[in-house]
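In the numbering used here, the protein residues as written are 129 to 447.
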(Lines of atoms letter the chains of each structure in order from A; the text may use other names.)
(Lines give C-alpha, C1' and ligand atoms only; values in the text may rest on other atoms or scores of the structure.)
Protein backbone atom coordinates (compact mmCIF):
# COMPACT_ATOMS: atom_id res chain seq x y z
CA UNK A 129 0.00 0.00 0.00
CA UNK A 130 1.34 3.45 -0.96
CA UNK A 131 0.72 6.26 1.55
CA UNK A 132 1.92 9.15 -0.64
CA UNK A 133 -1.63 9.99 -1.71
CA UNK A 134 -2.38 11.06 1.91
CA UNK A 135 -0.35 14.24 1.37
CA UNK A 136 -2.87 15.42 -1.20
CA UNK A 137 -6.18 14.42 0.40
CA UNK A 138 -5.42 15.00 4.09
CA UNK A 139 -4.35 18.46 5.34
CA UNK A 140 -1.74 18.48 8.14
CA UNK A 141 -3.01 19.12 11.69
CA UNK A 142 -2.61 22.69 13.04
CA UNK A 143 0.94 23.46 14.15
CA UNK A 144 2.52 20.59 12.17
CA UNK A 145 4.47 20.86 8.97
CA UNK A 146 3.34 18.74 6.03
CA UNK A 147 5.42 15.66 5.30
CA UNK A 148 8.16 16.12 2.75
CA UNK A 149 8.30 14.02 -0.38
CA UNK A 150 11.35 12.14 0.92
CA UNK A 151 9.58 11.14 4.15
CA UNK A 152 6.48 10.08 2.25
CA UNK A 153 8.65 7.93 0.01
CA UNK A 154 10.35 6.52 3.09
CA UNK A 155 7.05 5.53 4.74
CA UNK A 156 5.89 4.04 1.47
CA UNK A 157 8.99 1.82 1.39
CA UNK A 158 8.26 0.66 4.94
CA UNK A 159 4.74 -0.23 3.86
CA UNK A 160 6.02 -2.27 0.92
CA UNK A 161 8.42 -4.22 3.15
CA UNK A 162 5.57 -4.79 5.58
CA UNK A 163 3.47 -6.22 2.75
CA UNK A 164 6.30 -8.56 1.82
CA UNK A 165 6.55 -9.83 5.39
CA UNK A 166 2.81 -10.47 5.53
CA UNK A 167 2.70 -12.27 2.19
CA UNK A 168 5.66 -14.46 3.11
CA UNK A 169 4.09 -15.40 6.45
CA UNK A 170 0.89 -16.47 4.70
CA UNK A 171 2.85 -18.32 2.02
CA UNK A 172 4.70 -20.28 4.73
CA UNK A 173 1.38 -21.26 6.29
CA UNK A 174 -0.04 -22.41 2.95
CA UNK A 175 3.14 -24.37 2.14
CA UNK A 176 3.01 -26.24 5.47
CA UNK A 177 -0.57 -27.17 4.65
CA UNK A 178 0.71 -28.29 1.21
CA UNK A 179 -1.79 -25.95 -0.45
CA UNK A 180 0.43 -25.28 -3.47
CA UNK A 181 -2.11 -23.21 -5.42
CA UNK A 182 -2.62 -20.74 -2.56
CA UNK A 183 1.12 -20.63 -1.85
CA UNK A 184 1.82 -19.72 -5.46
CA UNK A 185 -1.02 -17.19 -5.63
CA UNK A 186 0.00 -15.50 -2.38
CA UNK A 187 3.62 -15.24 -3.45
CA UNK A 188 2.81 -14.17 -6.99
CA UNK A 189 0.45 -11.43 -5.78
CA UNK A 190 3.31 -9.42 -4.33
CA UNK A 191 6.30 -10.73 -6.29
CA UNK A 192 5.05 -11.39 -9.81
CA UNK A 193 7.80 -9.26 -11.37
CA UNK A 194 10.83 -9.88 -9.18
CA UNK A 195 12.69 -13.05 -8.38
CA UNK A 196 13.30 -14.02 -4.75
CA UNK A 197 16.95 -12.91 -4.95
CA UNK A 198 15.96 -9.49 -6.32
CA UNK A 199 13.34 -9.07 -3.58
CA UNK A 200 15.79 -9.82 -0.77
CA UNK A 201 18.50 -7.64 -2.33
CA UNK A 202 16.07 -4.73 -2.62
CA UNK A 203 14.85 -5.25 0.94
CA UNK A 204 18.40 -5.26 2.32
CA UNK A 205 19.27 -2.06 0.44
CA UNK A 206 16.16 -0.31 1.74
CA UNK A 207 16.83 -1.43 5.33
CA UNK A 208 20.39 -0.12 5.11
CA UNK A 209 18.98 3.19 3.90
CA UNK A 210 16.56 3.29 6.84
CA UNK A 211 19.36 2.71 9.33
CA UNK A 212 21.05 5.87 8.12
CA UNK A 213 18.02 7.98 9.00
CA UNK A 214 18.66 10.38 11.87
CA UNK A 215 15.32 10.11 13.58
CA UNK A 216 15.55 6.36 14.14
CA UNK A 217 13.15 6.45 17.11
CA UNK A 218 10.39 8.01 15.02
CA UNK A 219 10.96 5.47 12.27
CA UNK A 220 10.68 2.62 14.76
CA UNK A 221 7.47 4.01 16.26
CA UNK A 222 5.91 4.54 12.86
CA UNK A 223 6.86 1.03 11.80
CA UNK A 224 5.41 -0.47 14.98
CA UNK A 225 2.18 1.49 14.64
CA UNK A 226 1.83 0.37 11.04
CA UNK A 227 2.67 -3.26 11.76
CA UNK A 228 1.16 -4.05 15.14
CA UNK A 229 -2.49 -4.66 14.32
CA UNK A 230 -2.35 -6.06 10.78
CA UNK A 231 0.74 -8.17 11.46
CA UNK A 232 -0.99 -9.76 14.46
CA UNK A 233 -3.98 -10.54 12.28
CA UNK A 234 -1.83 -12.05 9.56
CA UNK A 235 0.19 -14.01 12.12
CA UNK A 236 -3.04 -15.48 13.46
CA UNK A 237 -3.97 -16.51 9.92
CA UNK A 238 -0.53 -18.02 9.35
CA UNK A 239 -0.66 -19.85 12.70
CA UNK A 240 -4.08 -21.24 11.83
CA UNK A 241 -2.76 -22.46 8.48
CA UNK A 242 0.25 -24.11 10.16
CA UNK A 243 -2.05 -25.88 12.63
CA UNK A 244 -4.28 -27.05 9.80
CA UNK A 245 -1.17 -28.24 7.96
CA UNK A 246 0.06 -30.24 10.95
CA UNK A 247 -3.38 -31.79 11.41
CA UNK A 248 -3.51 -32.73 7.72
CA UNK A 249 -0.02 -34.22 7.97
CA UNK A 250 -1.12 -36.37 10.92
CA UNK A 251 -4.12 -37.58 8.91
CA UNK A 252 -1.88 -38.47 5.95
CA UNK A 253 0.53 -40.38 8.21
CA UNK A 254 -2.43 -42.20 9.75
CA UNK A 255 -3.65 -43.22 6.29
CA UNK A 256 -0.17 -44.58 5.45
CA UNK A 257 -0.04 -46.62 8.67
CA UNK A 258 -3.52 -48.02 8.05
CA UNK A 259 -2.51 -48.88 4.49
CA UNK A 260 0.62 -50.69 5.72
CA UNK A 261 -1.51 -52.64 8.19
CA UNK A 262 -3.95 -53.58 5.43
CA UNK A 263 -1.07 -54.84 3.25
CA UNK A 264 0.20 -56.99 6.14
CA UNK A 265 -3.31 -58.45 6.43
CA UNK A 266 -3.44 -59.06 2.65
CA UNK A 267 -6.32 -56.58 2.32
CA UNK A 268 -4.92 -55.00 -0.82
CA UNK A 269 -8.09 -53.22 -1.92
CA UNK A 270 -8.38 -51.45 1.43
CA UNK A 271 -4.66 -50.62 1.34
CA UNK A 272 -5.01 -49.16 -2.15
CA UNK A 273 -7.81 -46.84 -1.01
CA UNK A 274 -5.75 -45.66 1.99
CA UNK A 275 -2.68 -44.95 -0.14
CA UNK A 276 -4.81 -43.22 -2.75
CA UNK A 277 -6.32 -40.98 -0.07
CA UNK A 278 -2.85 -40.05 1.25
CA UNK A 279 -1.63 -39.39 -2.30
CA UNK A 280 -4.56 -37.10 -3.08
CA UNK A 281 -3.72 -35.13 0.07
CA UNK A 282 -0.16 -34.58 -1.15
CA UNK A 283 1.73 -37.31 0.72
CA UNK A 284 4.79 -38.56 -1.21
CA UNK A 285 4.83 -41.96 0.51
CA UNK A 286 1.19 -42.36 -0.49
CA UNK A 287 2.23 -41.67 -4.08
CA UNK A 288 5.03 -44.27 -4.15
CA UNK A 289 2.92 -46.89 -2.35
CA UNK A 290 0.18 -46.25 -4.89
CA UNK A 291 2.79 -46.81 -7.59
CA UNK A 292 3.79 -50.12 -5.99
CA UNK A 293 0.14 -51.18 -5.97
CA UNK A 294 -0.09 -50.54 -9.74
CA UNK A 295 3.27 -52.27 -10.23
CA UNK A 296 2.28 -55.45 -8.37
CA UNK A 297 -1.42 -55.41 -9.23
CA UNK A 298 -2.41 -55.32 -5.56
CA UNK A 299 -5.92 -53.95 -5.10
CA UNK A 300 -5.95 -52.57 -8.64
CA UNK A 301 -5.14 -53.73 -12.18
CA UNK A 302 -1.47 -53.54 -13.18
CA UNK A 303 -0.59 -50.45 -15.21
CA UNK A 304 2.98 -49.79 -16.33
CA UNK A 305 2.04 -46.36 -17.66
CA UNK A 306 0.55 -45.31 -14.32
CA UNK A 307 3.56 -46.72 -12.44
CA UNK A 308 6.00 -44.65 -14.49
CA UNK A 309 3.88 -41.50 -14.11
CA UNK A 310 3.77 -41.77 -10.32
CA UNK A 311 7.41 -42.73 -9.75
CA UNK A 312 8.86 -40.19 -12.20
CA UNK A 313 6.70 -37.49 -10.64
CA UNK A 314 8.22 -38.29 -7.23
CA UNK A 315 11.82 -38.27 -8.52
CA UNK A 316 11.31 -34.84 -10.12
CA UNK A 317 10.49 -33.36 -6.72
CA UNK A 318 14.00 -33.97 -5.36
CA UNK A 319 16.86 -31.59 -6.14
CA UNK A 320 20.42 -31.97 -4.89
CA UNK A 321 22.26 -34.78 -3.17
CA UNK A 322 21.11 -33.95 0.38
CA UNK A 323 17.43 -34.16 -0.59
CA UNK A 324 17.85 -37.51 -2.34
CA UNK A 325 20.17 -39.03 0.27
CA UNK A 326 18.48 -41.74 2.34
CA UNK A 327 14.98 -40.63 1.31
CA UNK A 328 12.49 -43.49 1.53
CA UNK A 329 10.12 -42.04 -1.09
CA UNK A 330 12.94 -41.35 -3.55
CA UNK A 331 14.44 -44.81 -2.98
CA UNK A 332 11.11 -46.60 -3.55
CA UNK A 333 10.46 -44.53 -6.68
CA UNK A 334 13.85 -45.51 -8.15
CA UNK A 335 13.30 -49.15 -7.18
CA UNK A 336 9.88 -49.14 -8.85
CA UNK A 337 11.32 -47.69 -12.07
CA UNK A 338 14.05 -50.34 -11.97
CA UNK A 339 11.41 -53.08 -11.67
CA UNK A 340 9.49 -51.66 -14.63
CA UNK A 341 12.63 -51.86 -16.78
CA UNK A 342 13.41 -55.33 -15.45
CA UNK A 343 9.96 -56.56 -16.52
CA UNK A 344 10.61 -54.98 -19.93
CA UNK A 345 13.91 -56.97 -20.06
CA UNK A 346 15.98 -53.77 -20.18
CA UNK A 347 18.54 -54.92 -17.62
CA UNK A 348 21.04 -52.16 -18.36
CA UNK A 349 18.55 -49.45 -17.45
CA UNK A 350 17.30 -51.41 -14.44
CA UNK A 351 20.88 -51.77 -13.18
CA UNK A 352 21.41 -48.01 -13.51
CA UNK A 353 18.41 -47.38 -11.24
CA UNK A 354 19.69 -49.93 -8.70
CA UNK A 355 23.08 -48.24 -8.66
CA UNK A 356 21.48 -44.85 -8.13
CA UNK A 357 19.74 -46.22 -5.04
CA UNK A 358 23.05 -47.49 -3.67
CA UNK A 359 24.79 -44.22 -4.52
CA UNK A 360 22.24 -42.04 -2.72
CA UNK A 361 22.14 -44.27 0.34
CA UNK A 362 25.82 -44.14 1.21
CA UNK A 363 27.47 -46.49 -1.27
CA UNK A 364 29.52 -43.77 -2.95
CA UNK A 365 33.07 -43.96 -4.22
CA UNK A 366 33.93 -41.27 -1.66
CA UNK A 367 32.91 -41.53 1.98
CA UNK A 368 31.70 -38.43 3.81
CA UNK A 369 35.17 -37.53 5.12
CA UNK A 370 37.07 -37.85 1.82
CA UNK A 371 35.94 -34.76 -0.09
CA UNK A 372 39.41 -33.44 -0.96
CA UNK A 373 40.41 -31.03 -3.71
CA UNK A 374 41.05 -33.98 -6.03
CA UNK A 375 37.61 -35.32 -5.20
CA UNK A 376 36.00 -31.96 -5.96
CA UNK A 377 37.75 -31.80 -9.34
CA UNK A 378 36.79 -35.39 -10.12
CA UNK A 379 33.14 -34.93 -9.16
CA UNK A 380 32.99 -31.67 -11.17
CA UNK A 381 34.27 -33.48 -14.26
CA UNK A 382 31.73 -36.22 -13.69
CA UNK A 383 28.94 -33.66 -13.36
CA UNK A 384 29.84 -31.75 -16.54
CA UNK A 385 30.68 -34.75 -18.73
CA UNK A 386 28.55 -37.67 -19.93
CA UNK A 387 30.45 -40.13 -17.67
CA UNK A 388 27.74 -41.86 -15.58
CA UNK A 389 28.24 -41.06 -11.89
CA UNK A 390 26.71 -44.42 -11.03
CA UNK A 391 30.02 -46.04 -12.01
CA UNK A 392 31.46 -44.41 -8.90
CA UNK A 393 29.61 -46.55 -6.35
CA UNK A 394 31.50 -48.49 -3.69
CA UNK A 395 29.63 -51.06 -1.63
CA UNK A 396 32.14 -50.91 1.23
CA UNK A 397 30.93 -47.38 1.99
CA UNK A 398 27.31 -48.56 2.21
CA UNK A 399 26.93 -48.47 5.98
CA UNK A 400 24.45 -50.44 8.05
CA UNK A 401 23.12 -47.32 9.79
CA UNK A 402 19.40 -47.86 9.27
CA UNK A 403 18.21 -48.69 12.81
CA UNK A 404 15.32 -46.23 12.58
CA UNK A 405 14.53 -46.89 8.94
CA UNK A 406 13.54 -50.56 8.54
CA UNK A 407 11.66 -49.89 5.30
CA UNK A 408 14.68 -48.16 3.78
CA UNK A 409 16.87 -51.10 4.81
CA UNK A 410 14.33 -53.45 3.20
CA UNK A 411 14.47 -51.71 -0.19
CA UNK A 412 18.24 -51.37 -0.12
CA UNK A 413 18.43 -55.11 0.56
CA UNK A 414 16.09 -55.80 -2.37
CA UNK A 415 18.18 -53.50 -4.55
CA UNK A 416 21.42 -55.33 -3.72
CA UNK A 417 19.77 -58.69 -4.42
CA UNK A 418 18.29 -57.62 -7.77
CA UNK A 419 21.58 -56.07 -8.91
CA UNK A 420 23.47 -59.17 -7.82
CA UNK A 421 21.13 -61.44 -9.78
CA UNK A 422 21.60 -59.34 -12.92
CA UNK A 423 25.37 -59.77 -12.64
CA UNK A 424 24.90 -63.50 -11.96
CA UNK A 425 22.83 -63.93 -15.12
CA UNK A 426 25.62 -62.16 -17.01
CA UNK A 427 28.14 -64.65 -15.56
CA UNK A 428 29.97 -61.83 -13.79
CA UNK A 429 30.36 -63.89 -10.64
CA UNK A 430 32.75 -61.46 -8.95
CA UNK A 431 30.24 -58.60 -9.07
CA UNK A 432 27.35 -60.93 -8.25
CA UNK A 433 29.15 -62.23 -5.17
CA UNK A 434 29.95 -58.67 -4.02
CA UNK A 435 26.32 -57.50 -4.20
CA UNK A 436 24.76 -60.68 -2.79
CA UNK A 437 27.18 -60.89 0.15
CA UNK A 438 26.46 -57.25 0.94
CA UNK A 439 22.72 -57.97 0.81
CA UNK A 440 23.16 -60.99 3.08
CA UNK A 441 25.09 -58.93 5.67
CA UNK A 442 22.35 -56.28 5.64
CA UNK A 443 19.66 -58.91 6.25
CA UNK A 444 21.58 -60.74 9.00
CA UNK A 445 22.18 -57.48 10.89
CA UNK A 446 18.44 -56.88 10.83
CA UNK A 447 17.76 -60.38 12.16
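Heads up, the beta-carbon is just placed ideally off N, CA and C, and yes, glycines get one too.
Exercise. Could you give the distance in angstroms between the alpha-carbon of residue 488 and the alpha-carbon of residue 420?
Worked result: Limits of the chain in this structure are 129 at one end and 447 at the other, which puts residue 488 out of reach.
Problem set entry | residue 356 versus residue 334: straight-line alpha-carbon distance, rounded | 8 Å
Problem set entry | residue 425 burial status per 10 Å Cβ neighbour count (16 or more: buried) | exposed
Problem set entry | Beta-carbon spacing of residue 255, residue 278 below 8 Å | yes
Problem set entry | Chain-order list of residues whose beta-carbon lies under 7 Å from that of residue 304 (same chain, five-residue window excluded) | 340
Problem set entry | Exposure of residue 301, with buried meaning 16 or more beta-carbon neighbours within 10 Å | exposed
For this session: Under 6 Å Cβ to Cβ from residue 285, same chain only, skipping five residues before and after it: list those, please.
Result: 256, 329
Problem set entry | Unbroken alpha helix (DSSP H) run spanning residue 298, endpoints | That residue, residue 298, is in no alpha helix (DSSP H); it is neither H nor E in DSSP.
Exercise. For residue 268 versus residue 290, is the C-beta distance shorter than 8 Å?
Worked result: no
For this session: Using the Cα positions of residue 414 and residue 361, report the straight-line distance between them to the nearest angstrom.
Result: 13 Å
Problem set entry | Buried/exposed call for residue 439, threshold 16 Cβ in 10 Å | buried
Exercise. Once you ignore the five residues that flank residue 436 on each side, which residues in its own chain have a CB closer than 6 Å to its CB?
Worked result: 420
For this session: Would you check if the distance between the CB atom of residue 408 and the CB atom of residue 363 is smaller than 8 Å?
Result: no
Problem set entry | Close Cβ partners of residue 258 (< 6 Å) along its chain, the five nearest in sequence each way excluded | 274
Problem set entry | Closest residue to residue 111 among 271, 282, 272 (Cα-Cα distance) | With the chain represented from 129 up to 447, any question about residue 111 goes unanswered, as that position is not in the structure.
Problem set entry | Three-way DSSP call (helix, strand, coil) for residue 305 in this model | helix
Exercise. Between which two residues does the alpha helix (DSSP H) containing residue 356 stretch?
Worked result: 347 to 360
For this session: Keeping to the same chain, check which residues put their C-beta closer than 6 Å to that of residue 385; ignore five residues upstream and five downstream.
Result: For residue 385, the pLDDT reaches just 42, beneath the cut-off of 50, and the residue's location in the model is therefore unreliable, leaving the point undetermined.
Problem set entry | Segment limits, alpha helix (DSSP H) that includes residue 317 | Residue 317 -> no alpha helix (DSSP H), and no H or E assigned at all.
Problem set entry | Assigned secondary structure, residue 269 (DSSP; H/G/I helix, E/B strand, else coil) | helix
For this session: Check each candidate in 287, 326, 416 and name the one with the smallest Cα separation from residue 350.
Result: 416
Problem set entry | Alpha-carbon to alpha-carbon, residue 313 and residue 272 | 19 Å
Exercise. Just how far apart, CA to CA, sit residue 441 and residue 310?
Worked result: 32 Å
Problem set entry | N- and C-terminal bounds of the alpha helix (DSSP H) containing residue 343 | 328 to 343
For this session: Could you check if residue 252 is buried or exposed, using at least 16 other CB atoms within 10 Å of its CB as the buried criterion?
Result: buried
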